[in-house]
Amino acid sequence: KVEWPSTTLLAENPTLPSSLDLAKEAPGKEMKQWPQGYPLRYMLKLYQRSADPHGHPRENRTIGAKMVRLIKPSASAMRLLRGPWHIQTLDFPLASNEVAYQLIRATVVYRHQLHLVHYHLSCHVEPWVPKCRTKHFPSKSGSAKPSSVSKAWREMNITHCIQQKLWNRKGRRVLRLRFMCQQQKGNETLELRWHGMTSLDVAFLLLYFNDTDESAQAKLLARGQEELTDRESPFLMRSVR
Amino acid sequence: QTCSIASDVPCPSQEQDRSVNNQCSLHPYKVSFHQLGWDHWIIAPRLYTPNYCKGICTGVLPYGLNSPNHAIIQSLVNELVNRSVPQLSCVPYKFLPMSILLIEANGSILYKEYEGMIAQSCTCR
C-alpha cells in the first residue's frame, strides 16, 4: 500500500537516504554561510532562464549543459606592486571528476571595475598557467547571444586552459588566477585592504558539464525500453479479430 | 469481452464497476523543501510536486496503465487461482526531470537537472 510519510516527521529528522542521487550534494546540518551577492544573483538568473517556477527544465533553454557549478575562490593573497597596480591571487579548488559527467565549458566571471570611496580601479584576470588560451565575452566578432553578465562584470572563457593543463591531473587540483587592478587616476597610491575586498566577490569560476557518452546512452536505453513497452500491445489486450 | 460468451469466465460485477473511480491513477501532490528539512541547502525551487500513484490494481486493468503481460497474468492468478500470489501495486511508470539550484558542502552553488524526480504516469505492476 502506498502511504505518504508524515511531513512533520521528516522535518524533525532531515536525514537523507544514501541511495538518493540528490543526497550526494547535501551538506551537513551545520551549514556554511548562505551565498550572497552577485554569484547568487547570477545563478538565480541562470536557473530562471533554464527552468520554470516548478523546476521543470524549459524546452527552449540555451544553457547547453545539464550541470553548472559556480566555484568561489578558497584563498587569496594580496600583493602591492610598484605604482598603481594591485594583485590578488585567487585559488579555485576543483573537485574530483564525476564519472557520469564531462566538462564542456569553463569561464571565469570577474569584476572589471571596482568603485571604492574616492578611487576607481580597472581590473582583469590572468591564468597563472603560461600559454593559456583565453577568450573574452562578448567576443569582438559580435556574438548574437546576449550577455548574461552585468556591466560591472566580465566573462572570460578558459575552457582550453582547464581542459589542456589541469583537468586530467591526478590528485588535488587548484586553478590559480591573478586578479590585477590598476588605479585609474590620481598619483597617490592606494593601499588597499584586501581582507575587506574578498567579501566583494571579485571573481568566480563557472564549470559547465554534460552527460558522458556512456551515461547518455544508458539513459537513452532506459527511455527506449519504456517506449518499447508503450508500443507493445499485450496479447490479452488486443482487440478480437 | 469473453465473459458474455464463455460461461466459465466471470463478468465484472456491479461492485467492480463502482470501484472504477478507485482505479490506479496519478494524484498531484505538492511539498515544500522546508517541509522536507532541505531548505538550508536547496535554493530553488521552493516547492516540489513529486505526485504519487494510488489506487487498486484488481479486476480488468485499463489499457492505458501500461502493465506488462506478466502483471496481467499475476493479477488473474491472484483472483482465479491462488490468493497468496500477491496483488499488483500501483506505482509510478514514467518520470519527469527537475532542475534544482543548491549549495554544496564546500560552499559552491550548483545548478543540476535530476532525472526521475516527478511521477508523470502510473502502472500496475
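If you read the sequences in order, they're chains A and B.
For any residue, its number in our numbering is found by taking its place in the first sequence, counting from 1, and adding 4.
For any residue, its number in our numbering is found by taking its place in the second sequence, counting from 1, and adding 58.
The beta-carbon is built from N, C-alpha and C at its ideal position, and this holds for glycine as well.
Bear in mind the structure is a predicted one, so any value in this text is a computation, not a measurement.
Nearest candidate by alpha-carbon position, reference residue i, set the options
i	options	result
B/Trp99	B/Lys88, B/Ser157, B/Glu162	B/Glu162
A/Thr260	A/Gln188, A/Arg53, A/Gly59, A/Arg109	The question about residue 260 of chain A has no answer here: the residues shown for chain A are numbered 5 through 245.
A/Asn172	A/Ala99, A/His90, A/Leu50	A/Ala99
A/Val112	A/Ile166, A/Pro61, A/Ala69	A/Ile166
B/Gly174	A/Ala156, A/His116, A/His60	A/His60
B/Pro86	B/Arg104, B/Asn124, B/Pro108	B/Pro108
A/Arg115	A/Ala55, A/Lys155, A/Gln187	A/Lys155
A/Tyr96	A/Gln117, A/Arg45, A/Ser78	Residue identity differs from the one stated: residue 96 of chain A is Phe in this sequence, not Tyr. Measuring from the Cα of A/Phe96, the nearest candidate turns out to be A/Ser78.
B/Asn79	B/Asn140, B/His128, B/Asn127, B/Ile114	B/Ile114
A/Val121	A/Gln187, A/Leu179, A/Ala222	A/Gln187
B/Tyr151	B/His92, B/Phe91, B/Ser125	B/Ser125
A/Ile91	A/Asn64, A/Val72, A/Leu125	A/Leu125
B/Gln81	B/Met156, B/Asn140, B/Ser157, B/Val149	B/Val149
A/Leu44	A/Val153, A/Arg176, A/Gly175	A/Val153
Proximal residues to residue i (C-beta, below 8 Å), its chain only, five neighbours per side dropped
i	result
B/Gly165	none
A/His140	Arg158, Glu159, Met160, Asn161
Distance between beta carbons of residue j and residue i, contact taken as under 8 Å
i	j	result
A/Phe208	A/Ala69	Not really, about 16 Å apart at Cβ, beyond 8 Å.
A/Ala220	A/Thr163	A/Ala220 to A/Thr163, Cβ: 20 Å. No contact.
B/Tyr110	B/Val89	Wrong, their Cβ atoms sit about 10 Å apart, outside the cutoff.
A/Met71	A/Tyr105	6 Å
Amino acids of chain C, ordered along the chain, whose beta-carbon sits closer than 8 Å to that of residue i
i	result
A/Ala220	Here the protein chains are A and B, and chain C is not one of them.
Residue i vs residue j beta-carbon contact at 8 Å
i	j	result
A/Trp157	A/Tyr51	no
A/Leu107	A/Leu210	no
A/Lys76	A/Asp215	no
B/Thr181	B/Gln145	no
B/Arg183	B/Ser142	no
A/His119	B/Pro103	no
A/Thr138	A/Asn101	no
A/Met47	A/Leu74	yes
B/Leu138	B/Ile101	no
Proximal residues to residue i (C-beta, below 6 Å), its chain only, five neighbours per side dropped
i	result
B/Leu154	Ile176, Gln178
A/Val178	Asp95, Pro97
A/Ala148	With a pLDDT of only 40 at A/Ala148, under the threshold of 50, the placement of this residue in the model should not be trusted; the figure read from the coordinates follows. Around A/Ala148: no qualifying Cβ.
Cβ neighbours of residue i in the same chain (closer than 7 Å, five flanking residues each side left out)
i	result
A/Arg62	Ser54, Ala55, Asp56
A/Ala222	none
B/Met156	Tyr172, Met175, Ile176
Under 8 Å: do the stretch 117–136 of chain A and the stretch 177–189 of chain A share three or more Cβ pairs, one atom per stretch? Judged by Cβ distances under 8 Å, the stretch 117–136 of chain A makes contact with the stretch 177–189 of chain A, as three or more pairs qualify.
Quick check: the stretch 166–178 of chain B against the stretch 129–144 of chain B, are there 3 or more CB pairs under 8 Å? Per the Cβ contact rule, the stretch 166–178 of chain B is not in contact with the stretch 129–144 of chain B (fewer than 3 Cβ pairs under 8 Å).
Evaluate the contact criterion for the stretch 89–98 of chain B versus the stretch 110–126 of chain B: three or more CB pairs, one atom per stretch, below 8 Å. Between the stretch 89–98 of chain B and the stretch 110–126 of chain B, the count of Cβ pairs shorter than 8 Å is below three; the stretches do not touch.
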